[in-house]
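Each remark here refers to the structure printed beneath this line.
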Amino acid sequence: MTRLSALRARTPGDIAFSVVLAIVCAVILFVTIYPLWFVAIASISEPRLVATGQVTFLPQNMSLFGYEQIFADDRIWTGYRNTVVYTVVGTALNMVVTMPAAFALSRREFRPRRVLMLFFAFTMFFSGGLIPQYLLYRDIGLLDNWLVFILPTALNVYNLIIARAFFENALPEELFEAATLDGVDYFRYFLNIALPLSKAILSVIALYYLVQHWNDFFTGLIFVRDYELQPLQIVLRDILLSNQAFAGGAGGAGGSGGAYGQDFADQIKYGVIIVSTLPVLLLYPFLQKYFEKGVMIGSVKG
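Position 10, counted from 1, in the sequence shown is what full-length UniProt numbering calls 10; the numbers after and before it change by one each time, with no gaps.
In structure tokens, the structure reads:
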């Protein structure tokens, strides 16, 4: 009855505002989702129909030629394996480094925390540049080493700041005081109390790191020459470049199995986009309930 009374109490202006708001949200949703949907249907539609604008909302004359050519290349399985390893191991290391550091920097009794945060923040705005970075990786043996995808990115300062804000604002100080009265030290408090209450921020930070590792393209391009160590993004780039070369006539009539032809150039491009983004898109719904809450942490004070 209370809900019914509230609905009856709404003025025509409130109803009009709700309608306009729903329309605006629907338009934003459509603008956000449609490009990805178009890429998906274009990747399985006849390329000529896509090029002439006949494919809009549903696939036409379905063809899996693009995916067949992509997955026929053995390199893509090597790339998938490498990227999965780099993503899983890298994200695990990121969380092991970021969360304890954020917890320590959130404790007011930790006096050096402001100085340390100044050093961390400094790295967000200033760096030595690409050439010194390359020389450093060479000297410490990270060139053509799979650890180059993991160790240099063990900590992201932006994620550290988000996690620190959570520990400072979301966990009441009285909780720590009550734990210390029971003889709990910092280490046990962090593992047994703080982390179990931090599922939202853990999911958000883990997703940020996961996407960062999954989309890492620059590291493999600059610091790795061994093709057995290349991530998926580099493999897909090479497939795409090969396809563009053959589509431009480099393959010739007597080209090898990689000569896709001009008609299928765009289909290969769309297929590459789907192959590289689909795993992350499938993972996101499972983290969405935590993501919405965790991403807003620290945005409102008091």
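Even for Gly, the Cβ is constructed at its ideal location relative to N, Cα and C. Model, not experiment: these values are computed from the prediction.
| query | result |
| --- | --- |
| N- and C-terminal bounds of the alpha helix (DSSP H) containing residue 324 | Residue 324 is absent from the structure shown; the chain starts at 1 and stops at 302. |
| Sequence ranges, alpha helix (DSSP H) only - wholly within the segment 213-249, length at least 4 | 218-223, 232-247 |
| With 16 other Cβ atoms within 10 Å as the buried cut-off, status of I162 | buried |
| Nearest-angstrom Cα separation, counted from D185 out to L202 | 22 angstroms |
| Neighbour-count burial assignment, E68, 16 or more Cβ in a 10 Å radius | exposed |
| Alpha-carbon spacing of L58 relative to I41, whole angstroms | 6 angstroms |
| Alpha-carbon spacing of L29 relative to P285, whole angstroms | 16 angstroms |
| When V204, A206, L171 are compared against Y189, the one with the closest alpha-carbon | L171 |
| Simplified DSSP assignment, three categories, for F38 | helix |
| R114 classed as buried or exposed, judged by whether at least 16 other C-beta atoms fall within 10 angstroms | exposed |
| Three-state class that DSSP yields for F166 in the structure shown | helix |
| First and last residue of the uninterrupted alpha helix (DSSP H) at T180 | 173-181 |
| Alpha carbon of L143 to alpha carbon of F223, nearest angstrom | 5 angstroms |
| Backbone CA spacing between R107 and T98 [nearest angstrom] | 15 angstroms |
| Distance cut-off 8 angstroms: F223 Cβ against heavy atoms of the ligand MN | Ligands displayed in this structure: none; no statement on the ligand MN is therefore possible. |
| Three-pair Cβ contact test at 8 angstroms for the segment 79-94 versus the segment 209-220 | yes |
| Helix, strand or coil at A259 [DSSP, three-state] | Confidence at A259 is low in this model, with a pLDDT of 40, below 50, so its placement is unreliable and the value that follows should be read with caution. In the structure shown, A259 sits in coil (DSSP, three-state: anything other than H, G, I, E or B). |
| Burial state of A102 (16 or more Cβ within 10 Å) | buried |
| 8 angstroms contact criterion, which D266 and V55 should meet: CB distance rounded | Between V55 and D266 the Cβ distance is about 11 angstroms, and since that is not below 8 angstroms, they are no contact. |
| Supposed contact pair P231 and N82 - C-beta distance, whole angstroms, cut 8 angstroms | 5 angstroms |
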